[in-house]
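See below for the structure under consideration.
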Amino acid sequence: NAGVTQTPKFQVLKTGQSMTLQCAQDMNHNSMYWYRQDPGMGLRLIYYSASEGTTDKGEVPNGYNVSRLNKREFSLRLESAAPSQTSVYFCASSAQDRGINQPQHFGDGTRLSIL
Amino acid sequence: GENVEQHPSTLSVQEGDSAVIKCTYSDSASNYFPWYKQELGKRPQLIIDIRSNVGEKKDQRIAVTLNKTAKHFSLHITETQPEDSAVYFCASDTGRRALTFGSGTRLQVQP
Chain A
262 NAGVTQTPKF QVLKTGQSMT LQCAQDMNHN SMYWYRQDPG MGLRLIYYSA SEGTTDKGEV
322 PNGYNVSRLN KREFSLRLES AAPSQTSVYF CASSAQDRGI NQPQHFGDGT RLSIL
Chain B
6 GENVEQHPST LSVQEGDSAV IKCTYSDSAS NYFPWYKQEL GKRPQLIIDI RSNVGEKKDQ
66 RIAVTLNKTA KHFSLHITET QPEDSAVYFC ASDTGRRALT FGSGTRLQVQ P
């Protein structure tokens, strides 16, 4: 039981390049999330998916797109990377029980640098 | 949207002392309040959570209190140990099944 798995763990991009961050969970959770963490700013929600087939914007969605590929997988895409997107990206998942929030479980993060 | 403020940003205590971290939130509809611990270079890990129908919850040396009227909640760690040193984040739900996090408190426990 691996929990939440993120790939890659590290990545360096040049400005303007694109890439997709992958996230998969094996806990049969309905909801999945993408956060970014910058120094001194806590975690900020980029996008989330309450259930398979749905996605919603969070606090900082600009410059990102997401795909809920199936119940297990939720990917985050940067179409044209910018230095301001240098950050640590965390994926998380949770079981939603009749709309009642349940604990979120986080992956190990992807450390992304954009030059 | 929801706004969560967390204080203090840094906290240094002697081993064995207690530590208290406080958070306030803005959305009166929020009803779920987790606390996460994050060690350097690691993932955030849930240490305790509380729901709005409960005023206090304890788990060994850790306790959380909630005051819905004042819209604030606090984390209490008693008998602190060096391994408690980490960054702690509070959060509240936004009513959209997502969380808004505070900016974090760096706790340093001096041996």
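Sequences listed follow chains A and B, in order. Sequential numbering of the first sequence, starting at 262, is according to our numbering. Sequential numbering of the second sequence, starting at 6, is according to our numbering. We treat Cβ as the ideally placed atom computed from N, Cα and C, and that holds for glycine.
Nearest to residue i (by Cα), restricted to the options the options
i, options, result
"LYS27 (chain B)", "B:ILE82, B:GLN65, B:GLN115", "B:ILE82"
"VAL349 (chain A)", "B:SER90, B:ILE55, B:ALA96, B:PRO49", "B:PRO49"
"TRP40 (chain B)", "B:GLY6, B:ILE67, B:LYS73", "B:ILE67"
"SER328 (chain A)", "A:GLY301, A:PRO364, A:VAL321, A:MET293", "A:MET293"
"THR105 (chain B)", "B:TYR30, B:ALA24, B:LEU45, B:VAL25", "B:TYR30"
"LYS275 (chain A)", "A:SER345, A:GLN357, A:GLN283, A:THR371", "A:SER345"
"PRO322 (chain A)", "A:GLN357, A:ILE307, A:THR315, A:GLU313", "A:ILE307"
"ASP89 (chain B)", "B:GLU61, B:PRO116, B:SER57, B:GLY60", "B:PRO116"
"PHE367 (chain A)", "A:GLY301, A:PHE335, A:THR315", "A:PHE335"
"LYS76 (chain B)", "B:ALA91, B:SER57, B:GLU44, B:SER14", "B:SER57"
"ASP64 (chain B)", "B:LEU51, B:LYS73, B:THR74", "B:LEU51"
"HIS290 (chain A)", "A:ASN362, A:GLY301, A:LEU373", "A:ASN362"
"LYS4 (chain B)", "B:SER17, B:ASP32, B:GLY6", "Outside the shown range of chain B, which is 6 to 116, sits residue 4 (chain B), and nothing can be said about it."
"ARG305 (chain A)", "A:GLN365, A:LEU339, A:SER374, A:GLY319", "A:GLY319"
Pair within 8 Å by beta-carbon distance, residue i and residue j
i, j, result
"ASN8 (chain B)", "ASP98 (chain B)", "no"
"GLN19 (chain B)", "THR110 (chain B)", "no"
"ALA24 (chain B)", "THR70 (chain B)", "no"
"ALA103 (chain B)", "TYR309 (chain A)", "yes"
"GLY370 (chain A)", "PHE351 (chain A)", "yes"
"SER108 (chain B)", "GLY303 (chain A)", "yes"
"SER354 (chain A)", "GLN286 (chain A)", "yes"
"VAL273 (chain A)", "LEU376 (chain A)", "yes"
"ASP54 (chain B)", "PHE38 (chain B)", "yes"
"ALA311 (chain A)", "GLN357 (chain A)", "yes"
"GLY372 (chain A)", "PHE271 (chain A)", "The sequence as given places Arg at residue 372 (chain A); Gly does not occur at that position. Yes, these two residues count as a Cβ contact at 8 Å."
"ALA91 (chain B)", "GLU44 (chain B)", "yes"
"TYR93 (chain B)", "LYS42 (chain B)", "yes"
Chain A within 8 Å of residue i, Cβ atoms only
i, result
"SER79 (chain B)", "no"
"ALA103 (chain B)", "yes"
"SER108 (chain B)", "yes"
"TYR93 (chain B)", "no"
"LEU51 (chain B)", "yes"
Residue-chain proximity (residue i, chain B), Cβ-Cβ < 8 Å
i, result
"TYR350 (chain A)", "no"
"GLN365 (chain A)", "yes"
"GLU320 (chain A)", "yes"
"LYS369 (chain A)", "According to the sequence as given, residue 369 (chain A) is Asp; it is not Lys. Chain B contact via Cβ: present."
"MET293 (chain A)", "no"
Partner residues on chain E for residue i, Cβ-Cβ distance less than 8 Å
i, result
"TYR30 (chain B)", "No chain E is present in this structure, whose protein chains are A and B."
Beta-bridge partners of residue i, as assigned by DSSP
i, result
"PRO269 (chain A)", "Answer by DSSP bridge pairing: none, since PRO269 (chain A) is not bridged."
"ASP98 (chain B)", "B:LEU104"
"ILE375 (chain A)", "A:LEU274"
"THR110 (chain B)", "B:TYR93"
Discussion item. For a minimum of 3 consecutive residues, which ranges assigned as the beta strand (DSSP E) are wholly contained in the stretch 307-367 of chain A?
Written reply: 325-329, 335-339, 348-355
Discussion item. Quick check on the DSSP output: what are the complete beta strand (DSSP E) runs of length 3 or more inside the stretch 280-308 of chain A, in order along the chain?
Written reply: 280-286, 292-298
Discussion item. So within the stretch 14-79 of chain B, which uninterrupted beta strand (DSSP E) runs reach at least 3 residues, ignoring any that extend past its ends?
Written reply: 15-19, 24-30, 37-43, 50-56, 61-64, 67-72
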